[in-house]
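Enquirer: In the numbering used here, the protein residues as written are 7 to 73.
Positions of the beta carbon are idealized from the N, C-alpha and C atoms, including for glycine.
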Amino acid sequence: MQTLEFNSVIGDEGVIYIPKQYLENISSPVKVILLMNETAKEHNGRYFSALKLRTKGFKFDREAANE
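1) How many Å lie between residue 37 and residue 44 at the Cα?
2) I'd like the list of long-range same chain contacts for residue 14, defined as Cβ closer than 6 Å, with 5 residues on each side in sequence excluded.
3) For residue 28 versus residue 10, is the C-beta distance shorter than 7 Å?
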């Protein structure tokens, strides 16, 4: 069994995109194992619900805060 490692994103309808440089070498059924980074859960919008920052001592206006 040959192993390839690459990073990808899950597209529409759960499609995982394989980089073009690997596509020509794939000619048979494959076994897929997903390894998700723990930080990915925080950035997909479904699990990240709040952020708490200590701002005591910081001086900023609304526009600076929004940046």
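Expert: In terms of the structure at hand:
1) 22 Å
2) The beta carbon of residue 14 lies closer than 6 Å to those of 22, 23 in the same chain, with the five residues before and after it left out.
3) yes
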